[in-house]
Amino acid sequence: QVQMVESGGGLVQAGGSLRLSCAASGRTFAYTMAWFRQAPGKEREFVATISWRGTSTTYADSVKGRFTISRDNAKNTVYLQMNSLKPEDTAVYYCAARPTYDNNYNYWGQGTQVTVSS
Numbered sequence: 021q022v023q024m025v026e027s028g029g030g031l032v033q034a035g036g037s038l039r040l041s042c043a044a045s046g047r048t049f050a051y052t053m054a055w056f057r058q059a060p061g062k063e064r065e066f067v068a069t070i071s072w073r074g075t076s077t078t079y080a081d082s083v084k085g086r087f088t089i090s091r092d093n094a095k096n097t098v099y100l101q102m103n104s105l106k107p108e109d110t111a112v113y114y115c116a117a118r119p120t121y122d123n124n125y126n127y128w129g130q131g132t133q134v135t136v137s138s
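End of the sequence shown = 138 in our numbering, gap-free, step of one.
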């Protein structure tokens, strides 16, 4: 069983930065990790993903060039560095994990709120 806890959310002005962290407990070796977000009244959407070795990353077009996903496997932690934040980035951010052989994200954190004021 994998459990994940996000932290680092908060209120920031447009143009500012935040760094989200997601600490995982349990076996996450060879797990692909990802960040998703859900804005009020909208469906959950993909933000970024990182391979278990950290050598491959993918980003949604809306965050490309502004957000950076990274991981520290020694600490079982994945990060999302968010720069040049925009009001439309306001959402609850969730981290998720899946085994590399599985297409479905089976493990989710509880979410952390990010609010960007204009």
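We treat Cβ as the ideally placed atom computed from N, Cα and C, and that holds for glycine.
Values in this document were obtained by computation on a predicted structure and should not be read as measured data.
Could you pull out every unbroken beta strand (DSSP E) segment of at least 3 residues lying fully inside the region 67-126, listed in chain order?
77-79, 87-92, 97-102, 111-119
Helix, strand or coil, according to DSSP, for residue 48 in the structure here?
Residue state, collapsed to three classes: coil.
On the DSSP letters alone, give me the boundaries of the beta strand (DSSP E) that residue 27 sits inside.
It spans 23-27 - the beta strand (DSSP E) in which residue 27 sits, taken as one unbroken run.
For the region 55-63 against the region 105-115, are there 3 or more C-beta pairs whose distance is under 8 angstroms?
Short answer: they touch.
Going by DSSP, what residues sit across from residue 43 in a beta bridge?
25, 97
Could you check what DSSP says for residue 137 in three-state terms: helix, strand or coil?
strand
Host beta strand (DSSP E) of residue 30 (start-end):
DSSP places residue 30 in the uninterrupted beta strand (DSSP E) bounded by 30-33.
Classify residue 87 as buried or exposed, calling it buried when 16 or more other Cβ atoms lie within 10 Å of its own Cβ.
buried
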